[in-house]
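Number of protein chains: 2
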Amino acid sequence: MIGYLGPAGTFSYEAAHKYLKDKKEQLCEVSSIYALIKAVDKGEIASAVVPIENSLEGSVNTTLDTLAFDSELYICGEYTMYIRENLMALPGARPESIKRIISHPQPIGQCAGMINKFFSDAVIEYTNSTAAAAKQIEETKDMTTATIGPAACAGLYGLEILMPECNDEKNNATRFVELKKQENTSADCDKSSFIFTVDNKPGALFKVIEAIAENGVNMLKIESRPEKKELGRYIFFIDTDGNIRDENLKRAWEMIKETAYKCKFLGSYRKG
Amino acid sequence: MIGYLGPAGTFSYEAAHKYLKDKKEQLCEVSSIYALIKAVDKGEIASAVVPIENSLEGSVNTTLDTLAFDSELYICGEYTMYIRENLMALPGARPESIKRIISHPQPIGQCAGMINKFFSDAVIEYTNSTAAAAKQIEETKDMTTATIGPAACAGLYGLEILMPECNDEKNNATRFVELKKQENTSADCDKSSFIFTVDNKPGALFKVIEAIAENGVNMLKIESRPEKKELGRYIFFIDTDGNIRDENLKRAWEMIKETAYKCKFLGSYRKG
Numbered sequence: 008m009i010g011y012l013g014p015a016g017t018f019s020y021e022a023a024h025k026y027l028k029d030k031k032e033q034l035c036e037v038s039s040i041y042a043l044i045k046a047v048d049k050g051e052i053a054s055a056v057v058p059i060e061n062s063l064e065g066s067v068n069t070t071l072d073t074l075a076f077d078s079e080l081y082i083c084g085e086y087t088m089y090i091r092e093n094l095m096a097l098p099g100a101r102p103e104s105i106k107r108i109i110s111h112p113q114p115i116g117q118c119a120g121m122i123n124k125f126f127s128d129a130v131i132e133y134t135n136s137t138a139a140a141a142k143q144i145e146e147t148k149d150m151t152t153a154t155i156g157p158a159a160c161a162g163l164y165g166l167e168i169l170m171p172e173c174n175d176e177k178n179n180a181t182r183f184v185e186l187k188k189q190e191n192t193s194a195d196c197d198k199s200s201f202i203f204t205v206d207n208k209p210g211a212l213f214k215v216i217e218a219i220a221e222n223g224v225n226m227l228k229i230e231s232r233p234e235k236k237e238l239g240r241y242i243f244f245i246d247t248d249g250n251i252r253d254e255n256l257k258r259a260w261e262m263i264k265e266t267a268y269k270c271k272f273l274g275s276y277r278k279g
Numbered sequence: 008m009i010g011y012l013g014p015a016g017t018f019s020y021e022a023a024h025k026y027l028k029d030k031k032e033q034l035c036e037v038s039s040i041y042a043l044i045k046a047v048d049k050g051e052i053a054s055a056v057v058p059i060e061n062s063l064e065g066s067v068n069t070t071l072d073t074l075a076f077d078s079e080l081y082i083c084g085e086y087t088m089y090i091r092e093n094l095m096a097l098p099g100a101r102p103e104s105i106k107r108i109i110s111h112p113q114p115i116g117q118c119a120g121m122i123n124k125f126f127s128d129a130v131i132e133y134t135n136s137t138a139a140a141a142k143q144i145e146e147t148k149d150m151t152t153a154t155i156g157p158a159a160c161a162g163l164y165g166l167e168i169l170m171p172e173c174n175d176e177k178n179n180a181t182r183f184v185e186l187k188k189q190e191n192t193s194a195d196c197d198k199s200s201f202i203f204t205v206d207n208k209p210g211a212l213f214k215v216i217e218a219i220a221e222n223g224v225n226m227l228k229i230e231s232r233p234e235k236k237e238l239g240r241y242i243f244f245i246d247t248d249g250n251i252r253d254e255n256l257k258r259a260w261e262m263i264k265e266t267a268y269k270c271k272f273l274g275s276y277r278k279g
């Protein structure tokens, strides 16, 4: 079984279906990112497709933190999906009668400019998923509430699209990764991810970045997250070009492990 | 007027009061971080106290993004406050009868372990603020719903504390900054913040980190945020020790400006 962040009708559902297009395994729905990653970690499901980064909102913190602190898993694949948000309400509802907008915080954030422009007086309320919001409108038959989410929600919950593609930035994409207990050892992997932390002293992070640059490795991303011990202590997530079996990347990682702490190789995989 | 993120009874309210203890200006409540920062930018209020980072949840993205993209302000001061979350419900409600927990996503995240342990069957719903959740319970007189937030909410909204200090990690602190249109030029500033972006090519970020290390400047923090153009393009926020008037920091910043783009000095201020 391969898990995705449910319920049906979310972008995660859409991404998991597209990513796994030619695989036979059955998809199963899990209700939170934390539970989804833990299910793989405990061996209850074979793998999970989880969102890790959005081009506007940034990293999905729960995914990063669960990977760092609460599981021992590898990233084995990557899939990038363009996100098209839609403002939806019950059939017959008109934009000028919308008094309330409900959705997951992510779509709300991705449409903040549109909301400020057209619905500055509307009450904003958060739900656990885009599908939960759509379902709520269907059940309460509330003509003055709209939701924001994937077009699939309209069909699944009997809503009508009032504004298609209403996200502020059109370059709105989410990167998903597939997580497994075993690393991907295939030769065509061209991207790798790592976690580490450094001493809180001058030049400590510099030494790590230097090891990467010195070995001619291209760093694609560096992200910091709190170590959760005290303010000012961080763990770092880096993505680089290359396979861990490449000589230069292997050498850079050996050098990093000599200078940094809590080093964790998160896997090599094919760019999505 | 000095703005804070309202309504009354939030941690931001508490922090603004503590930070401004000996100042005479009147505090005013603004309902979103974006509106708060824009109010200073437009000159409607003299300054704003906004949350910028939590030791568990990480950066407050709205604050970083509004500082980078939608305002021309300086950080003039910093204040760190320890956060104590409390599970609260109507007087007489018992933990075993709680079926629903409502609060802002931040306190929910900070108590995820506690919720998983004691209230794994409870429905979780997000509200716009801790105070909004407390008010909702007061108004609906719902004995089966609890909220999580600052103890001040109990007094303001007639609730009782069921579990004091229920945050998972005890080292739970939030860093607030004061924003103004003019930079803080006093000599006792000992921390500085900067924004920049770099080319998406090998070693580009390394050059910036090298300029900092070479000049003996201690980098306290580096954080990346999406540039919002496409996946894989980032802007960087760095905090360093020192005052921009210090020779070594001034020199490092000049070097960074030669290699990086969209460089923005965010101000020198006293560590909180």
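Protein chains in written order, with my numbering: chain G, 8 to 279; chain X, 8 to 279.
Idealized CB from N, CA, C, for every residue including glycine.
Contact list for the segment 200-216 of chain G against chain X, Cβ threshold 7 Å: Going along the segment 200-216 of chain G in chain order, one finds Pro209, Gly210, Leu212, Phe213 and Ile216 with a Cβ nearer than 7 Å to chain X.
Ser289 of chain X, DSSP secondary structure in three states: A query on residue 289 of chain X cannot be resolved here, the shown segment of chain X reaching from 8 to 279 and no further.
CB contact flag (Gly239 of chain X, Thr137 of chain X, <8 Å): No, the pair does not count as a contact, with Cβ atoms beyond the cut-off.
DSSP beta-bridge partners of Glu230 of chain G: The partner list for Glu230 of chain G (beta bridge, DSSP) reads G:Phe244.
Cβ of Thr147 of chain X within 8 Å of any chain G Cβ: Closer than 8 Å: no.
Contact the segment 49-59 of chain G vs the segment 18-27 of chain G: 3+ CB pairs below 8 Å: Because the criterion of three Cβ pairs below 8 Å is met, the segment 49-59 of chain G and the segment 18-27 of chain G touch.
CB contact below 8 Å: Met226 of chain X versus chain G: Taking Cβ atoms only, chain G reaches closer than 8 Å to Met226 of chain X, which makes this a yes.
Residue of X:Val67, X:Arg258, X:Thr266 and X:Ile251 minimising C-alpha distance to Phe272 of chain X: Ranking the options by Cα distance to Phe272 of chain X, first place goes to X:Ile251.
Thr87 of chain G at chain X interface by Cβ criterion, 8 Å: Taking Cβ atoms only, chain X reaches closer than 8 Å to Thr87 of chain G, which makes this a yes.
One or two residues paired with Ile155 of chain G in a DSSP bridge: DSSP, once it has assigned bridges, lists G:Leu94 as partnering Ile155 of chain G.
Integer Cβ distance of Asp195 of chain G from Lys278 of chain G, believed to fall under 8 Å: With a Cβ gap of about 10 Å, Asp195 of chain G and Lys278 of chain G do not count as contacting.
Per-residue DSSP class, three states only, for Arg281 of chain G: The requested residue 281 of chain G does not occur in the structure, where chain G is confined to residues 8 to 279.
Presumed contact (8 Å Cβ cut-off) between Leu256 of chain G and Val215 of chain G, rounded CB distance: For a cut-off of 8 Å, the C-beta gap from Leu256 of chain G to Val215 of chain G is around 14 Å, too long to register as a contact.
Interface residues of chain X facing Ser231 of chain G [CB-CB closer than 9 Å]: What Ser231 of chain G touches in chain X: Gly65, Ser66, Lys228, Ile229, Glu230 and Ser231.
Reduced DSSP secondary structure (H/G/I, E/B, other) of Phe272 of chain X: Three-state result, Phe272 of chain X: strand.
Cβ-based neighbour list, Ile122 of chain G, same chain, cut-off 8 Å, excluding 5 preceding and 5 following: These residues qualify, in order along the chain: Ile108, Ile115, Ala129 and Ile131.
Beta-carbon proximity list for Glu64 of chain G, same chain, < 8 Å, skipping 5 on both sides: So the qualifying residues of the chain are Gln113, Gly116 and Gln117.
Boundaries of the alpha helix (DSSP H) in which Leu43 of chain G is found, first to last residue: Unbroken alpha helix (DSSP H) run through Leu43 of chain G: Ile40 to Asp48.
Against chain G: residues of the segment 165-190 of chain X by CB proximity under 7 Å: So the close ones are Glu176, Asn178, Ala180 and Arg182.
As assigned by DSSP and simplified to three states, the class of Ala267 of chain X: When secondary structure is reduced to three states using DSSP, Ala267 of chain X falls in the coil class, being assigned neither helix nor strand.
Rounded straight-line distance, which links the Cα of Thr134 of chain G to that of Pro98 of chain X: Those two C-alpha atoms are separated by around 27 Å.
The segment 38-46 of chain X contacting the segment 147-166 of chain X, beta-carbon criterion three pairs below 8 Å: They do not touch, by the three-pair rule.
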